[in-house]
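All remarks here apply to the structure that follows.
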């Protein structure tokens, strides 16, 4: 707990304790060196451990040897006492290599497939799963201003998606962070739904220092001495404590006046240096040698290494170490190593060593470290740099970077590579190697802003050879593409392709990425496919061949070409090459996605299952995520709406930094909200999905989002706004020639055009879509064309329109999309009612109401019932009104459910097609029967009963 009483900081300690006791929480503790960050978290940890709560602490070091996620690994190694004996998730098995001391208690390690990025994702999921399994836990990472990039990425992912019972506390010095950057990087935003705090520690007050002095010195701590101590330390606890250590050692011999004079005459940080120097002066030669060795080594070191570097035999070294510990210059760590109490004290001791002796100690350190079984290359590089041997340092630093990358410690490798590239006069070959390695690390990181900044800096280096610059630029272009972050991705890739003209296999990757820019249209795709084919012929590269085949199948499926099904059947499912496995998984996934857009839902489901299996074999975690997205899309289309929100939340919780699940959730939730009458919420979801989709190279998300947005506007009676909202999406549709994809845009755009009185535009759009579907295998788009034709001909010939709607209904039923089938059924019923065929109209409208009700599409069911009333149609065998007493009637339950989600009376009226007066009566009845207030309806209602989807009586 520290030598001195804990003073001051009660507010900060209470803030920290409150936050970590209410997980999930992220607490950031900021303050300058020596201000007391470690003491604050130490005090909190002691209380929490006494309560039985696991507290795991890891430390960032400036000279940490390569080990993946070292500070987090250090913390997790202490989790043994709280590990459950059974039931650990399989994902935890990935941590066996990180936690060798716990490996026998973890599940089996998963197969190592898919390269560095897949391994990194497995480790990230493993860390989160382990922390979740521990229950209420506090993870403390100290000195995160020294954190390596990979560990920061891990902490960033963890902070964005905290396990429910985890509190994360980070200490750091803001002055040692890059400008305008959070301790977790530019990508960090405090997660919604999580608690926490930002605690900025300032100096102790004069009263705090007086209390500290009194506790340490007793009656000797006169007001004058305490005042001098405060003025000299300026409230910095470390300086005050160092001075108190010196005064305490003098015991009863303290000359108070002399002590006050010395304290007043010495400045900070000079005061700290003098406090350390004074204690150094009291050491024997052996003690001074051990302290000097520790100052030069600069990391916690064991007794043998300290003695070797100090040039002492074992016995003398032990005596010197004991003396250094008694003087409080050094402290012991949990793993039987020894270090200074604080980095400022280490720096003061280091500066006290004469330069010639420092050099000798650095050379001794190099020799001692090289003699170890596993030489710590990062430390050796540090000592060669301190000796001024730039050539030796470059050699050692590159070796250390290679070693770090080999063991998966990308953060340490990146830090070393940055240092190498900063070296003036670096030779071209070494610069090329370092730049390529750094680009690879940046591309696989999770902090997009940081990665893009690194890659841009590298491609602007005029000293890099053209092919190396092209390879790095390729990574930058792919990064921008994958993050949908900038339209410049295409220009970067085009330039990279030209820079890689002598490397056709690598250039071919960029060409195939450019092919998939759907917005640029078929001619663009054909151009880049042709160039990719030439690159393939020039290189003969097998991996490029597999990528080319997968891309070709993707394009064919987009166009609805029937030959793609034979090609996908012939695709090799068994392959030795990881590249082939990955491309097989990619092809299966892309064709599955296209199959959904085309309307081959059953075939798509099988392909998704296959793609996920291939992805697991290839170690391609991204395919697993994307496959689950497609399954949820299929659930939405097939009307499997129960629990859909929870399934999306679980998926996003597992992959919080992948944007695709977020976009699909917006589309699905928009659909559900609109079907339930929550128009404002639906509008928000569709608008966000449209904005997201507009940044993507594929057009589907934008078109689907726009179609939903237009549907809401039309339901609001805002035809002009609906048409205006659709114009950008229609332009994208025409540019991409994506007529085979059923996005809902064509029929809703026709409806909007007709609402604006623009039959010419409606007819033109239908004709364009018809021509775009000639010879294509796209049953869903064909069903949409039938709907569009029915809308176009409804006023002139309702019977012909009914036939079109009937064809659409049969098409949707064959595909397996009940909601779309119900909408077509409702339209067919309305057309037949207009054609004065009431019996057939009634049968269809009743069927539509039943489907809507079964799905929970309350607003659609109410609209359909309203339509029946308008035409004077009644459900056959409908009983008369019945009394419900104190129970809610079906209509009252519908009103109550809308009240429970915050709907206004006007929204309820619009949703259920009722007058405001009728709604007011229903609301009053609901509140009376439930004996509650409007705000408490959700609690009073509880779980919806079976009547919630039932059909109310024919009256209002």
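In my numbering, the protein residues as written are 1463 to 2418. The beta carbon of each residue, even a glycine, is placed where N, CA and C say it ideally should be.
task = Assign residue 1473 to one of two classes, buried (16 or more other C-beta atoms within 10 Å of its C-beta) or exposed (fewer than that).
result = Here residue 1473 refers to the residue found at position 11 when the chain shown is read from its first residue. With fewer than 16 other Cβ atoms within 10 Å, it is exposed.
query = In its own chain, which residues sit with a C-beta less than 7 Å from the C-beta of residue 1879, not counting the 5 before and 5 after it?
reply = Numbered from 1 along the chain shown, position 417 holds the residue referred to as residue 1879. Closer than 7 Å at Cβ, skipping near neighbours: 1863, 1896, 1899 and 1900.
Pairwise C-alpha distance: residue 2207 and residue 2164 = Residue 2164 sits at position 702 when you count from the first residue of the chain shown. Residue 2207 sits at position 745 when you count from the first residue of the chain shown. When rounded, the distance between both Cα atoms is 10 Å.
query = Could you give the C-beta distance for residue 1603 and residue 1534, rounded to a whole number, given that I count them as a contact under 8 Å?
reply = Working through the chain shown from its first residue, we reach residue 1603 at position 141. Working through the chain shown from its first residue, we reach residue 1534 at position 72. Taking C-beta atoms under 8 Å as the contact rule, residue 1603 and residue 1534 qualify, at a distance of about 7 Å.
ask   = Tell me the DSSP bridge mates of residue 1660?
value = Here residue 1660 refers to the residue found at position 198 when the chain shown is read from its first residue. Answer is 1490.
inquiry  = Under DSSP, the alpha helix (DSSP H) around residue 1793 begins and ends at which residues?
reply    = Counted from its first residue, the chain shown places residue 1793 at position 331. That residue, residue 1793, is in no alpha helix (DSSP H); its beta strand (DSSP E) goes 1792 to 1794.
Range covered by the alpha helix (DSSP H) that runs through residue 1850 = Within the chain shown, residue 1850 is the residue found at index 388, counting from 1. No alpha helix (DSSP H) contains residue 1850, which DSSP labels as neither H nor E.
inquiry  = Using C-beta distances below 6 Å, list every residue in its chain close to residue 2403, excluding the 5 sequence neighbours before and after it, in chain order.
reply    = The residue labelled residue 2403 in the question sits at position 941 within the chain shown. Hits under 6 Å: 2358 and 2362.
key: Extent of the continuous alpha helix (DSSP H) to which residue 1815 belongs   = Sequence index remark: in the chain shown, residue 1815 carries index 353 (1-based). Residue 1815 -> no alpha helix (DSSP H), and no H or E assigned at all.
request  = Could you please give the first and the last residue of the uninterrupted alpha helix (DSSP H) stretch that includes residue 2281?
outcome  = In the chain shown, the residue the question calls residue 2281 occupies position 819. Its alpha helix (DSSP H) spans residues 2280 to 2296.
ask   = Quick one: does residue 2267 have its CB under 8 Å from some CB of chain D?
value = This model lacks chain D altogether; it includes just one protein chain.
query = Taking the C-alpha atoms as reference points, what is the distance between residue 1748 and residue 1811?
reply = By one-based count along the chain shown, residue 1748 stands at place 286. By one-based count along the chain shown, residue 1811 stands at place 349. So the two alpha carbons sit approximately 15 Å from each other.
key: Assumed close pair residue 1764, residue 1799 - CB separation to whole angstroms, cut-off 8 Å   = Counted from its first residue, the chain shown places residue 1764 at position 302. Counted from its first residue, the chain shown places residue 1799 at position 337. That belief holds up - the Cβ atoms of residue 1764 and residue 1799 are roughly 5 Å apart, short of 8 Å.
request  = Measure the alpha-carbon distance for residue 2174 versus residue 2385 and round it to whole angstroms.
outcome  = Within the chain shown, residue 2174 is the residue found at index 712, counting from 1. Within the chain shown, residue 2385 is the residue found at index 923, counting from 1. Their backbone Cα atoms lie some 25 Å apart in a straight line.
message = Let's test the definition: count the other Cβ atoms within 10 Å of the Cβ of residue 1795 and tell me whether it reaches 16, buried, or not, exposed.
response = On the chain shown, residue 1795 is found 333 positions in, with the first residue counted as 1. The residue is exposed, with fewer than 16 neighbouring Cβ atoms inside 10 Å.
key: Segment limits, beta strand (DSSP E) that includes residue 1632   = The sequence position of residue 1632 within the chain shown is 170, counting from 1. Annotation: the continuous beta strand (DSSP E) that includes residue 1632 extends over 1628 to 1634.
key: Sequence-distant residues of its chain with Cβ nearer than 8 Å to residue 2399 (five each side left out)   = In the chain shown, counting from the first residue as 1, residue 2399 sits at position 937. Cβ within range, chain order: 2358, 2361, 2362, 2388, 2389 and 2392.
message = Measuring straight from C-alpha to C-alpha, what distance separates residue 1935 and residue 2356?
response = The residue you call residue 1935 lines up with position 473 of the chain shown. The residue you call residue 2356 lines up with position 894 of the chain shown. For residue 1935 and residue 2356, the distance between alpha carbons rounds to 57 Å.
request  = For residue 1802, write down the residues that DSSP places opposite it in a beta bridge.
outcome  = Counted from its first residue, the chain shown places residue 1802 at position 340. BP columns for residue 1802 point to 1792.
query = Using the C-alpha atoms, what's the distance from residue 2149 back to residue 2412?
reply = Sequence index remark: in the chain shown, residue 2412 carries index 950 (1-based). Sequence index remark: in the chain shown, residue 2149 carries index 687 (1-based). Confidence at residue 2412 is low in this model, with a pLDDT of 33, below 50, so the placement of that residue should be treated as unreliable; the coordinate-derived value is given next. Taking the straight line joining both Cα atoms gives about 32 Å.
key: Closest Cα partner of residue 2278 within the set 2065, 2138 and 2315   = For the purposes of this step, residue 2278 is taken as residue 816 along the chain shown, with counting starting at 1. Ranking the options by Cα distance to residue 2278, first place goes to 2065.
key: Closest by C-alpha distance to residue 1740, when choosing among 2250, 1784, 1696 and 1814   = Here residue 1740 refers to the residue found at position 278 of the chain shown. Among 2250, 1784, 1696 and 1814, the Cα nearest to that of residue 1740 is on 1814.
Host beta strand (DSSP E) of residue 1604 (start-end) = The sequence position of residue 1604 within the chain shown is 142, counting from 1. Residues 1599 to 1604.
ask   = Should residue 1660 go down as buried or exposed, given a rule of 16 or more other Cβ atoms within 10 Å for buried?
value = The residue labelled residue 1660 in the question sits at position 198 within the chain shown. With fewer than 16 Cβ atoms within 10 Å of its Cβ, residue 1660 is classed as exposed.
task = Given a cut-off of 8 Å, decide if residue 2205 and residue 2166 are closer than it, judged by their beta-carbon atoms.
result = Translated into the one-based positions of the chain shown, residue 2166 becomes position 704. Translated into the one-based positions of the chain shown, residue 2205 becomes position 743. For residue 2166 and residue 2205, yes; Cβs fall inside 8 Å.
Identity of the residue in 1636, 1608 and 2331 nearest residue 1494 by Cα = As a working note, residue 1494 is residue 32 in the chain shown. Residue 1494 has its Cα closest to that of 1636, out of 1636, 1608 and 2331.
request  = Assign residue 1499 to one of two classes, buried (16 or more other C-beta atoms within 10 Å of its C-beta) or exposed (fewer than that).
outcome  = The count along the chain shown starts at 1 and reaches residue 1499 at position 37. Residue 1499 should be labelled buried.
query = Which word fits residue 1988, buried or exposed, when buried means at least 16 other C-beta atoms lie within 10 angstroms of its C-beta?
reply = Taking the chain shown and counting its residues from 1, the one referred to as residue 1988 is at position 526. Its Cβ having fewer than 16 others within 10 Å, residue 1988 is exposed.
query = In chain order, what residues of the same chain have a beta carbon less than 7 Å from the beta carbon of residue 2095, not counting five sequence neighbours either side?
reply = Your numbering for residue 2095 matches position 633 in the chain shown. The residues are 2058 and 2126.
inquiry  = Short of 6 Å in beta carbon distance, which residues of its chain neighbour residue 2308, apart from the five on each side in sequence? Order them along the chain.
reply    = Numbered from its first residue, the chain shown carries residue 2308 at position 846. Excluding sequence neighbours, residue 2308 sits near 2337.
Reduced DSSP secondary structure (H/G/I, E/B, other) of residue 2189 = Taking the chain shown and counting its residues from 1, one reaches residue 2189 at position 727. Three-state result, residue 2189: helix.
key: C-alpha distance - residue 1464 paired with residue 2098, whole-angstrom precision   = The residue labelled residue 1464 in the question sits at position 2 within the chain shown. The residue labelled residue 2098 in the question sits at position 636 within the chain shown. Only weak support is given to the placement of residue 1464: the predicted model assigns it a pLDDT of 46, under 50, and the value that follows is read from those uncertain coordinates. Their backbone Cα atoms lie some 59 Å apart in a straight line.
key: Contact between the stretch 1510 to 1520 and the stretch 1558 to 1565 (3+ Cβ pairs under 8 Å)   = no
key: Presumed contact (8 Å Cβ cut-off) between residue 1962 and residue 1929, rounded CB distance   = Looking up residue 1962 in the chain shown gives position 500. Looking up residue 1929 in the chain shown gives position 467. Between residue 1929 and residue 1962 the Cβ distance is about 6 Å, and since that is below 8 Å, they are a contact.
task = May I ask you to report which of helix, strand or coil DSSP gives residue 1879?
result = Within the chain shown, residue 1879 is the residue found at index 417, counting from 1. It is helical.
request  = List the endpoints of the continuous alpha helix (DSSP H) containing residue 2148.
outcome  = As a position in the chain shown, residue 2148 is number 686, starting the count at 1. 2141 to 2155 is the extent of the alpha helix (DSSP H) around residue 2148.
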